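Asker: First the structure, then my questions, so here it is.
There are 2 protein chains.
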Amino acid sequence: MGQLLERAHARATGALRIGITGPPGSGKSTLTDRLLGAYRRDGRRVAVVATDPSSPYSGGSLLGDRVRMGSHAGDPGVFIRSMSTRGRLGGLNASAEMVAVLLDAEGYRPIIFETVGVGQSEVEVIDRTDTVVVVVAPGFGDDIQAEKAGLMEVGDVFVVNKADNPGATRAARTLENMVSMGPSHGWRPPVLLTVAKTGEGVDEVVDAIRLHNESMAESGALRSRRRARAEAEISRMIERLAAQVTEPAVARYSEAVMAGATDPWSAAEEIFNSFRTGGHRPRGQ
Amino acid sequence: MGQLLERAHARATGALRIGITGPPGSGKSTLTDRLLGAYRRDGRRVAVVATDPSSPYSGGSLLGDRVRMGSHAGDPGVFIRSMSTRGRLGGLNASAEMVAVLLDAEGYRPIIFETVGVGQSEVEVIDRTDTVVVVVAPGFGDDIQAEKAGLMEVGDVFVVNKADNPGATRAARTLENMVSMGPSHGWRPPVLLTVAKTGEGVDEVVDAIRLHNESMAESGALRSRRRARAEAEISRMIERLAAQVTEPAVARYSEAVMAGATDPWSAAEEIFNSFRTGGHRPRGQ
Chain A
1 MGQLLERAHA RATGALRIGI TGPPGSGKST LTDRLLGAYR RDGRRVAVVA
51 TDPSSPYSGG SLLGDRVRMG SHAGDPGVFI RSMSTRGRLG GLNASAEMVA
101 VLLDAEGYRP IIFETVGVGQ SEVEVIDRTD TVVVVVAPGF GDDIQAEKAG
151 LMEVGDVFVV NKADNPGATR AARTLENMVS MGPSHGWRPP VLLTVAKTGE
201 GVDEVVDAIR LHNESMAESG ALRSRRRARA EAEISRMIER LAAQVTEPAV
251 ARYSEAVMAG ATDPWSAAEE IFNSFRTGGH RPRGQ
Chain B
1001 MGQLLERAHA RATGALRIGI TGPPGSGKST LTDRLLGAYR RDGRRVAVVA
1051 TDPSSPYSGG SLLGDRVRMG SHAGDPGVFI RSMSTRGRLG GLNASAEMVA
1101 VLLDAEGYRP IIFETVGVGQ SEVEVIDRTD TVVVVVAPGF GDDIQAEKAG
1151 LMEVGDVFVV NKADNPGATR AARTLENMVS MGPSHGWRPP VLLTVAKTGE
1201 GVDEVVDAIR LHNESMAESG ALRSRRRARA EAEISRMIER LAAQVTEPAV
1251 ARYSEAVMAG ATDPWSAAEE IFNSFRTGGH RPRGQ
C-alpha cells in the first residue's frame, strides 16, 4: 500500500474537504445528499465518506453503505462509502487521511466526511477536514450544555435544518448568541436555516462553505490546519508501527503485571528502552 | 510520578471498578449518587471519577466537580472528581488506569467511573472497568439503532431509570429483547427498573453488580478483562513515550509533506526507522 499512497499523494491537489456533523436526527444525511446534488450540477466528481457509529468490537459498519442516499446511487461521478470509526473502509484498514488522499488523487472534489457528531467524533471530523458544517434540528437549545459547547467549538458553518418545524428561529438565535461569545479568528461562523428535504437554503450553505474556504486560504489558516493534519497522520502511523513492533513484548509484560511482578508504567519504559537499543525486532525481519 | 505509581500498584488489591454509562438525561449522576450511598452504608471508602464531555481544545472539564452530588459533598470517605476525556484529572495528566490504581492503593472500593455514554466513551469505560452498568431513560427504544447497539455491547447490567415515567416497561422489554439476541458468554445481563430520585430499585442494582463480579471471577473473564487492561495501558504508555521522542522529527517532516517532498506515510517510516537505530534522541538525554 505504501507505493500506492505515495503516488496518490503526489497526484493529490488539495481537494476541499468538508465535514458534516451534528446530533443524531438533525438530518445530516439529507443535507449531505443535497450538497452532493449541488456540487454535481457543476459536473464535478464528489465523494462522501460516512463515519458510522460502529461496533467497538466487530469494527464493522452497522448501517452499511448509505442506502438513504438513494438519489445518487446510480451516478458514476459520485463515490459514497461508509467507514467505521475504527478506521476500516470496506474491509480496508485505512485512515481517513489515506482515504481522502486516494479520493483526491482520483479527482473527487469536494470530499465530504459525514459523522454523527457526539463525543470524540467531532474532533476526528475537524482533524480531517477544511470546513466543518454543524447541522442541528430545532430544539437544539434544549440539549445539555456540554454537548452544545463541543459542537460550537468545531463549527465553521452552522445550519439549523428542518427549519419548517417550530423552534427553528429560537435554535438559530441560540446559535447566533453562542457564536458571538466564541473566539474570533477572522471568520465569524454564519448560522443558516435549511429544509434539506425540499432543498431550501442549500445554496446558501454551499456559498458559506466556499466563503469559509477562501477566508481560510487568505489568512493562512488553511495551511495551518493541513499542516496539523500531516503531523497527526505521521504521528498516528509511527504509533501504529511502534505498536506492531512491541506487541509480543506487551503481551509478555502484561502477564508479569498480572503476576504482580511489575506495573504497566515500568513495563512500558522497559519495553521502550529495550526497543530503542535494538532489543526487539519487528516480526518477520 | 513513576515511583509513586509503582508503589501504588504494589499496594493495590484489585478493587472492583464499576462503569456507569448511558445517554445524556438518563439520570446517571443521580443513580451514581445512590450507589455511593449504598456502598457507604457498608462503611467503605468509595470513589467516583466522572468523565465529562470536555472541550477537545482546552482539555478542560466543563462541568467541574460534580456539584450535583451534593449529598456526599462533606463525607471524607467519598472521593469525587471529574476527569476530562483527554486524560486530565485536576490538572494532572493521568490516565484512568493511573487514577484507579492510586485510588485502589488508598483503599477506595468500589471505584466508580461515570461517563456520558455516546460514541467512543463507552469503549473507554469498558476498558477501565470490571462491570459496566448501562443506564437509560424511558423512550430509549426510540433512539437510533446504532447508538443502541453500541450501548448493548458494553452493558453487563442494564437499568431503565426514571421508571415512574411512561414508557419504562416498553424500554425494559426492548432491552430484554436485545439482550436475548446478543452473544451469551455465561452471563446474561439483567434489565432492572429504578427510580434513582427516590432510591427505588437501587439495592437490586448493587446486587446485580456483585453477582456479575462473582460470575466474572469464576469464569476467568475478570482476569482476561484485567489483563487486556494492563496490555492497553502498557501500549498507551509506549505510544506516549514514542510521541515524545519523535515530536521534533514529526514537526520537521510535516513541513516536507506540505512542500510536497514526501507523504505522511513515507515520513513516518523514515522517522520510525531512524529512531530505532538510534538516529533520534529524546530531548534532555
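If you read the sequences in order, they're chains A and B. Everything in the first sequence is counted per the working numbering, starting at 1 for the first residue and increasing by one. Everything in the second sequence is counted per the working numbering, starting at 1001 for the first residue and increasing by one. All residues carry an ideal CB built from backbone N, CA and C; glycine is no exception. Nothing here was measured: the structure is a model prediction, and the numbers come from that model.
Do Ser254/A and Glu1231/B have their C-beta atoms within less than 9 angstroms of each other?
Answerer: The residue labelled residue 254/A in the question sits at position 254 within the first sequence. The residue labelled residue 1231/B in the question sits at position 231 within the second sequence. Yes, the pair counts as a contact, with Cβ atoms nearer than the cut-off.
Asker: CA-CA distance, Asp104/A and Val1206/B?
Answerer: Indexing the first sequence from 1 puts residue 104/A at position 104. Indexing the second sequence from 1 puts residue 1206/B at position 206. So the two alpha carbons sit approximately 54 angstroms from each other.
Asker: If you check the beta carbons only, do Thr1051/B and Ala1096/B fall under 9 angstroms apart?
Answerer: Here residue 1051/B is taken as the residue at index 51 of the second sequence, counted from 1. Here residue 1096/B is taken as the residue at index 96 of the second sequence, counted from 1. Against a cut-off of 9 angstroms, the Cβ pair of Ala1096/B and Thr1051/B comes out as a contact.
Asker: With a threshold of 16 other CB atoms inside 10 Å of the CB of Met1181/B, please say whether the residue is buried or exposed.
Answerer: The residue you call residue 1181/B lines up with position 181 of the second sequence. Under this definition Met1181/B is an exposed residue.
Asker: How about Arg227/A: is its C-beta nearer than 9 angstroms to some C-beta of chain B?
Answerer: By one-based count along the first sequence, residue 227/A stands at place 227. It does: the Cβ of Arg227/A has a partner Cβ on chain B nearer than 9 angstroms.
Asker: Mapping DSSP to helix, strand and coil, what is Ala1163/B?
Answerer: Indexing the second sequence from 1 puts residue 1163/B at position 163. Coil at Ala1163/B, not helix or strand.
Asker: Would you kindly work out how many angstroms separate the C-alpha atoms of Met1237/B and Gly1019/B, rounded to a whole number?
Answerer: One-based indexing of the second sequence puts residue 1237/B at position 237. One-based indexing of the second sequence puts residue 1019/B at position 19. One C-alpha to the other measures close to 22 angstroms.
Asker: Is Asp1130/B closer than 9 angstroms to Arg1017/B when the C-beta atoms are compared?
Answerer: Here the question's residue 1017/B lines up with position 17 in the second sequence. Here the question's residue 1130/B lines up with position 130 in the second sequence. Yes, the Cβ-Cβ distance between Arg1017/B and Asp1130/B is below 9 angstroms.
Asker: For Ala8/A, collect the residues of the same chain with a Cβ closer than 6 angstroms to its Cβ; drop the 5 residues on either side in sequence, then sort them by chain order.
Answerer: Position 8 of the first sequence, counted from the start, is the residue given in the question as residue 8/A. Val101, Leu102, Ala105, listed in sequence order.
Asker: Can you find a C-beta in chain B that's less than 9 angstroms from the C-beta of Gly220/A?
Answerer: Reading the first sequence from its first residue, position 220 is the one you call residue 220/A. Not one chain B Cβ lies under 9 angstroms of Gly220/A.
Asker: Under 7 angstroms, CB to CB, which of the residues in the segment 234-259 of chain A have a partner in chain B?
Answerer: Ile234, Ser235, Met237, Ile238, Glu239, Leu241, Ala242, Ala243, Thr246, Val250, Ala251, Tyr253, Ser254, Val257, Met258
Asker: Check the C-beta distance from Val179/A over to Pro189/A and give it rounded, since I have them as a contact under 8 angstroms.
Answerer: Stepping through the first sequence from its first residue, residue 179/A is reached at position 179. Stepping through the first sequence from its first residue, residue 189/A is reached at position 189. About 5 angstroms separates the two Cβ atoms, so the contact holds.
Asker: According to the neighbour-count rule (16 or more other Cβ atoms, all chains shown, within 10 Å of its Cβ), is Arg1229/B buried or exposed?
Answerer: On the second sequence, position 229 is the one that residue 1229/B refers to. Looking at its Cβ environment, which holds 16 or more other Cβ atoms inside 10 Å, Arg1229/B is buried.
Asker: If we count the other Cβ atoms within 10 Å of its Cβ and call it buried at 16 or more, is Ala137/A buried or exposed?
Answerer: Here residue 137/A corresponds to residue number 137 of the first sequence, with the count starting at 1. Its Cβ being crowded by 16 or more others within 10 Å, Ala137/A is buried.
Asker: Does any CB atom of chain B fall closer than 9 angstroms to the CB of Trp265/A?
Answerer: Stepping through the first sequence from its first residue, residue 265/A is reached at position 265. Answer yes: the Cβ-Cβ gap between Trp265/A and chain B drops below 9 angstroms somewhere.
Asker: Specify, as a first and last residue, the run of the beta strand (DSSP E) that Thr115/A falls within.
Answerer: Here the question's residue 115/A lines up with position 115 in the first sequence. Unbroken beta strand (DSSP E) run through Thr115/A: 108-115.
Asker: Less than 7 angstroms between C-beta atoms, sequence neighbours within five positions excluded: which residues of the same chain meet that for Leu1193/B?
Answerer: Numbered from its first residue, the second sequence carries residue 1193/B at position 193. Excluding residues within five positions, the ones whose Cβ falls inside 7 angstroms are Val1160, Ala1163, Ala1168, Ala1172, Gly1201.
Asker: Does Val1099/B get closer than 9 angstroms to chain A when you measure Cβ to Cβ?
Answerer: Residue numbering aside, residue 1099/B sits at position 99 when the second sequence is read from its first letter. Val1099/B does not count as touching chain A.
Asker: Answer yes or no: does any C-beta atom of chain B fall closer than 9 angstroms to that of His185/A?
Answerer: Indexing the first sequence from 1 puts residue 185/A at position 185. Taking Cβ atoms only, chain B never reaches closer than 9 angstroms to His185/A, which makes this a no.
Asker: Gly1002/B versus chain A: which residues are under 8 angstroms apart at the beta carbon?
Answerer: Numbered from 1 along the second sequence, position 2 holds the residue referred to as residue 1002/B. Per Cβ cutoff of 8 angstroms: Trp265, Ser266, Glu269.
Asker: Suppose you measure from the CA of Leu1222/B to the CA of Gly1002/B; what does that come to, to the nearest Å?
Answerer: On the second sequence, residue 1222/B is found 222 positions in, with the first residue counted as 1. On the second sequence, residue 1002/B is found 2 positions in, with the first residue counted as 1. So the alpha carbons of these two residues sit roughly 26 angstroms apart.
Asker: Would you mind reading off the limits of the alpha helix (DSSP H) that contains Arg1034/B?
Answerer: Sequence index remark: in the second sequence, residue 1034/B carries index 34 (1-based). Annotation: the continuous alpha helix (DSSP H) that includes Arg1034/B extends over 1028-1041.
Asker: Quick test of your reading: Ser266/A and Glu1006/B, contact by CB under 8 angstroms. State the CB separation rounded to the nearest angstrom.
Answerer: In the first sequence, residue 266/A corresponds to position 266, counting from 1. In the second sequence, residue 1006/B corresponds to position 6, counting from 1. The beta-carbon distance between Ser266/A and Glu1006/B, rounded to whole angstroms, is 6 angstroms. This is short enough to meet the 8 angstroms contact definition.
Asker: Quick one: what does DSSP say Trp1265/B is sitting in, helix, strand or coil?
Answerer: Here residue 1265/B is taken as the residue at index 265 of the second sequence, counted from 1. Helix.
Asker: Mind checking whether Val133/A and Met152/A have CB atoms under 9 angstroms apart?
Answerer: Looking up residue 133/A in the first sequence gives position 133. Looking up residue 152/A in the first sequence gives position 152. Going by C-beta atoms, Val133/A is not nearer than 9 angstroms to Met152/A.
Asker: So is Glu1218/B buried or exposed if we call it buried at 16+ other beta carbons inside 10 Å?
Answerer: Counting from 1 along the second sequence, the entry for residue 1218/B is found at position 218. Result: exposed.
Asker: If we count the other Cβ atoms within 10 Å of its Cβ and call it buried at 16 or more, is Gly220/A buried or exposed?
Answerer: Your numbering for residue 220/A matches position 220 in the first sequence. Exposed: under 16 other Cβ atoms inside 10 Å.
Asker: For His1009/B, which residues in chain A fall below 7 angstroms Cβ to Cβ?
Answerer: Position 9 of the second sequence, counted from the first residue, corresponds to residue 1009/B. Simply Asp263.
Asker: First and last residue of the beta strand (DSSP E) that includes Gly1019/B?
Answerer: Working through the second sequence from its first residue, we reach residue 1019/B at position 19. Here the beta strand (DSSP E) through Gly1019/B covers 1017-1021.
Asker: Which stretch, first to last residue, makes up the beta strand (DSSP E) that contains Thr131/A?
Answerer: As a first step, residue 131/A is located in the first sequence; it is residue number 131 there, counting from the start. 131-136 is the extent of the beta strand (DSSP E) around Thr131/A.
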